[in-house]
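Before any comments, here is the structure.
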Amino acid sequence: MTAYLLTIFLLLLIAPLLLSFIKALKMQLLYKKPVSLFQGYRNFSKLMQKETIVSEEASVMTRVAPFLVLSPLLVTLFFLPPVVQGAFYVSFVDAFTITGLIALSTFFLMLLGLDSASAFGGMGSSREAFIAALVEPAMVLTVFSVSMMAGDLGVGQAGVNLAAHFPQEHTASFLFAAISFFILLIAENGRIPVDNPETHLELTMVHEAMILDITGVYLAIIETAASVKFVIFASLFASLFLPFGLQYDVPIAVALFLAKLFLIAAAVALIEVNTAKLRLFKVPNLLGIAIVFAFLSLITFYVLGA
Amino acid sequence: MFQFDTLSLVFTALIVLGAVPNLFYSHGYLPHIERKAHYRLHYLTFVFSMIGVVVSANALMFLLFWELMSLTSWQLILTEAKEKKTVDAARFYFLMTHFGFVFLLLFFLIATDGDLEIGFSAMHGIVSKFAYPTLLFFFILLGFLSKAGAVPLHVWLPYAHPEAPSPVSALMSGVMLKVAIYGLFRFLFNVLYPWPLEWGVVILVIGSLSSLIGVLYALSEHDIKALLANHSIENIGIILIGFGMGMIFGSMGLKVLSSFAFIAALFHTFNHMSFKSLLFMGAGAVLHQTHTKNIEKYGGLIKAMPVTALTFLLASVSISALPPTNGFLSEWMIFQSMLSSSHLDNTSLKLAIPFAIFALAMTGGLAIACFVKAYGITFLGLHRSSNAKHAHEVNGWMRAGMILMAAVVLSLMLFTPFYIGWFDKVLIGLGHLSVYAEIFPDGIWHMHSVGMHGGVVSPLILLGALLGVTALLMFGYKALHVKERIHRTWSCGYRTSARTQYSATGFAGPIRRFFGWLYKPDEHFVKESIEGYSSKFSDSHYEVHVKPLFETTLYESVAKAVNRISYWVYRLSHFEQTRYAAMIFNLMLSVLFSYRIFAHEFSWATLLLEGMVMLISIKILIIGEKQ
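Quick mapping for you: the protein sequence lines, in order, are chains A and B. Using this note's numbering, read the first sequence as starting at 61 and increasing by one per residue. Using this note's numbering, read the second sequence as starting at 959 and increasing by one per residue.
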């Protein structure tokens, strides 16, 4: 139980660190002077001390939505697969619930964008709705495929099962599902090539456009939500698609898990450096690839014998 | 004459749950209706005839109440028949509903062997001796799905529902469509029982198509009630997906999974009744205040209409299938039953069902987009017209109706085990296995899927966790004593205004563009450039209309063909009487031949022979020699 609570706390704690790590690595690769790894925490504490400016056009939605954006993600943290063997975990929650909770958070984020009556907010919400609608089927199919390989629909149990006996005979399906999930990770977290988290140019921004009118503590909450979302996806990827190392002692296993998270973050950073952002209407092509790989994964699973 | 088995009682409960809040709402709405007596009479008859349909025990009563239900709802659409549009919509509805009625009548005439007063169970014996059960299945399908609004018989919904007064739209969309689902349950279980595998597949395909097409057209709508009507098509599709999965599992001998899928379909039927009624009531309240159905003229209504806004939000979250609402739970069950398709002993089905999963998941994603649009454009931002500016909360009766309906939504969410207990009893009554103990093996906290290693969801824990965490965060925010300043929205140094915010058309823009091959939108773009510039303009107007593909292809071309044929027949009958007489002879010949094929054992040889005879006779007598 302590290990369980500590992992959740740890995940919450390193969430801003991971995003700062991606940023620093990118800057390093672009021969810039990298930002400090603690920039995320600095931003957070700075925003916490600021006053909040609420738009006069906004309604009660602006005051409520930030909390509703963060809370489903915080609840999701409790449902992630265990990091160490034998640690307590919530075994019963399945991937649909997690997908649903993430969608709930996105739903309120999109409403938040429309609340302040600014054209930017609407633009961001509209684009986010478009991308989210296409992510959903790929997500469900990938989850279906993985849960078949793991032999359980519960996410926690699936992670444990995959670590206990890896489905050697389904390596092909497994790889296809991993590719699909990685694309989803990029799309859901608004990284290049789907969305550029650093830009404030109206032609390209998606996530930033929705929260352009949010300041102070509300902004701190939304930014936390974004980093928690990344941690959720990264740790799902680490538990489901890099399923090894659970059997070691607690410190080693946790260190290994953190290493996996940083590895995923580094992969995201490398992709960000090496690709250009796609035009909005090219994004469906990328998500189409994810959908096709999810289908391929299922089909190979069935055809090669369940 | 009447029967009160569990299926009837559960559907009576559905009608009562849908109608009671509606009565309150309707009472508040009444001052705005001119023909009050007409409205009251038809409204009450409508509710009673729906109850009559679900409790009647023989074909005669069933058809009587069914027809009464259709006619009263048709009259209710005509309550405020001031525009030609309303009359046209009512006529279209009348035609479609009687199109379905013809097939129901055919079904009953065959299944009862002419004696319309025998009970449904006696019909089973007659049907099992009938040579072509699939024909009866298609009669049922056409009869009930034209009422339920499944593709391709859905085209009347986006016309009829917006034109009816709002309480009636809520009742029609929320409750009347479900009566058709009752018909499917009743006659597929009691009369046409042993199903071939293909029937389930047909229903699954219809369901998947309906759900996708419904939500796609909902996204392109600007009329809020037409948007909701299109969502009814989507939700009927989702119910049919559950129903189809149940039939597939049933015919493959997986009894437990079959019951589970049927329970999911029933649960979604109830859920759709609750949130769709609530949405139509909310839309009606907005319409009542702003006097327009055009979503582009709303905006900022959350400030003026807090009760409507809150209940509409609850219903939107629920219809978008987001946890922990009831809409999520039933969609979760349908997903789980589809994921259990890995237990099927048929590889081609196993490979095909992921496509239905894809359709349902895509529907979920698009529904979220659609309801962000509907809610955000209606209730958030700045008012987009002066009508919206002067809106205020509706009267107490209407509010009471909406709050009661919200209570129904909440009860479906909080007392899920209780409702599932009902649905389980329905399936026991229909001769299926009970799965309540498998869904809730350890108390009411966890809901299990019945497939091997299926998923688990715990609605109450989820709800509690979400509420707890949100409350904790808000409490923390309060404890921080953050200074707050009110300032205008930043928009690059300009003031934001009603016209600079995103419109509903703009919001759906990316999706409309991506699905352009389906929508084939009809765009009107007028702009007046300032002299000397091409990119600066003083005035511009953009409008886009999407006409449903099914209507333009299937319906209009059928209408064209019928026109052409009737013209030809007209010409024949007036100017070439000999050929006209020959045609009548040929028609009689074809009726006789088809009766022979239909009533006796089918054989390809006689079909071929009779077809040749028909062709020769047509060639000689009607077409004649070339002149």
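We put the beta carbon where it would ideally sit given N, CA and C, even for glycine. Because the structure is a prediction, the values reported are computed rather than measured.
Inset, instruction - Anything in chain A within Cβ reach of residue 1446 of chain B, meaning under 8 Å, just list it in chain order. - result: 115, 116 and 117
Inset, instruction - Go through its chain and collect everything with a Cβ distance to residue 1233 of chain B's Cβ below 7 Å, but skip five positions before and after it. - result: 1273, 1276, 1277, 1285 and 1367
Legend entry - chain B contact for residue 368 of chain A (CB, 8 Å cutoff): It is not possible to answer for residue 368 of chain A, since the shown part of chain A is limited to 61 through 366.
Inset, instruction - For residue 1671 of chain B, decide whether its Cβ has a neighbour in chain A, counting only Cβ atoms nearer than 8 Å. - result: In this structure chain B extends from 959 to 1585, so residue 1671 of chain B is not present and cannot be described.
Inset, instruction - Below 7 Å CB to CB, which residues in the same chain sit around residue 326 of chain A once its five sequence neighbours on both sides are set aside? - result: 85
Inset, instruction - Evaluate residue 1457 of chain B with the Cβ neighbour count: other Cβ atoms within 10 Å of its Cβ, from every protein chain shown; 16 or more gives buried, anything less gives exposed. - result: exposed
Inset, instruction - Would you please state the rounded distance, in angstroms, between the beta carbons of residue 1447 of chain B and residue 117 of chain A? I believe it to be under 8 Å. - result: 5 Å
Inset, instruction - For residue 206 of chain A, go through chain B and note every residue whose CB falls closer than 9 Å to its CB, in chain order. - result: Those within 9 Å of residue 206 of chain A in chain B number zero; the least Cβ separation is about 12 Å.
Inset, instruction - Could you tell me whether the Cβ atoms of residue 1502 of chain B and residue 1481 of chain B are closer together than 8 Å? - result: yes
Legend entry - Straight-line Cα distance separating residue 231 of chain A from residue 1302 of chain B: 23 Å
Legend entry - Which of helix, strand or coil DSSP assigns to residue 1443 of chain B: strand
Legend entry - Residue from A:143, A:252 and A:69 with nearest C-alpha to residue 319 of chain A: A:143
Inset, instruction - With 8 Å as the threshold, decide whether the Cβ of residue 178 of chain A is near any Cβ in chain B. - result: yes
Inset, instruction - Give me the Cα-Cα distance between residue 152 of chain A and residue 1415 of chain B, rounded to the nearest whole angstrom. - result: 7 Å
Inset, instruction - Determine the chain A residues that contact residue 1432 of chain B at a beta-carbon separation under 7 Å, and present them in chain order. - result: 127
Inset, instruction - Sort out for me which residues DSSP pairs residue 1485 of chain B with in a bridge. - result: B:1498
Legend entry - Same chain only: Cβ atoms within 7 Å of residue 911 of chain B, ignoring 5 sequence neighbours per side: No information on residue 911 of chain B is available, as it lies outside the stretch 959 to 1585 that chain B covers here.
Inset, instruction - Could you tell me whether the Cβ of residue 324 of chain A comes closer than 8 Å to any Cβ of chain B? - result: no
Inset, instruction - Following the continuous beta strand (DSSP E) through residue 112 of chain A, name the residue where it begins and the one where it ends. - result: 112–115
Inset, instruction - From the DSSP output, in three-state form, read off residue 1113 of chain B for me. - result: coil
Inset, instruction - Step through the CB atoms of chain B and report whether any lies within less than 8 Å of the CB of residue 111 of chain A. - result: yes
Inset, instruction - Report yes if the C-beta distance between residue 1468 of chain B and residue 361 of chain A is below 8 Å; otherwise report no. - result: no
Inset, instruction - Taking only beta-carbon positions, decide if residue 1408 of chain B is within less than 8 Å of chain A. - result: no
Legend entry - Proximal residues of chain B, C-beta to C-beta of residue 152 of chain A below 7 Å: 1404, 1414 and 1416
Inset, instruction - Take residue 137 of chain A as the anchor and find which of A:213, A:244, A:358 and A:75 has the nearest alpha-carbon. - result: A:75
Inset, instruction - Using three-state DSSP, classify residue 1452 of chain B as helix, strand or coil. - result: strand
Inset, instruction - List the whole-angstrom C-beta distance separating residue 1057 of chain B from residue 1021 of chain B, where the pair is believed to meet the contact cut-off of C-beta under 8 Å. - result: Incorrect: roughly 15 Å between the Cβ atoms, too far for contact.
Inset, instruction - Kindly say whether residue 1463 of chain B, judged by its beta-carbon, lies nearer than 8 Å to any beta-carbon of chain A. - result: no
Inset, instruction - Sort A:72, A:200, A:114 and A:266 by Cα distance to residue 355 of chain A and report the nearest one. - result: A:200
Legend entry - Proximal residues, the region 335–362 of chain A versus chain B, C-beta separation under 8 Å: 340, 341, 344, 351, 355, 358, 359 and 362
Inset, instruction - Starting from residue 359 of chain A, trace the alpha helix (DSSP H) both ways and give me its first and last residue. - result: 343–363
Inset, instruction - Would you tell me roughly how many angstroms separate the C-alpha atoms of residue 72 of chain A and residue 1398 of chain B, rounded to the nearest one? - result: 33 Å
Legend entry - Within-8 Å CB hit, residue 174 of chain A to chain B: yes
Legend entry - 6 Å CB neighbourhood of residue 1382 of chain B in its chain, flanking five on each side removed: 1392 and 1394
Legend entry - Span of the alpha helix (DSSP H), counted from its first residue to its last, around residue 175 of chain A: 155–175
Legend entry - alpha helix (DSSP H) runs contained entirely in the region 72–149 of chain A, provided each spans 4 or more residues: 99–109 and 120–137
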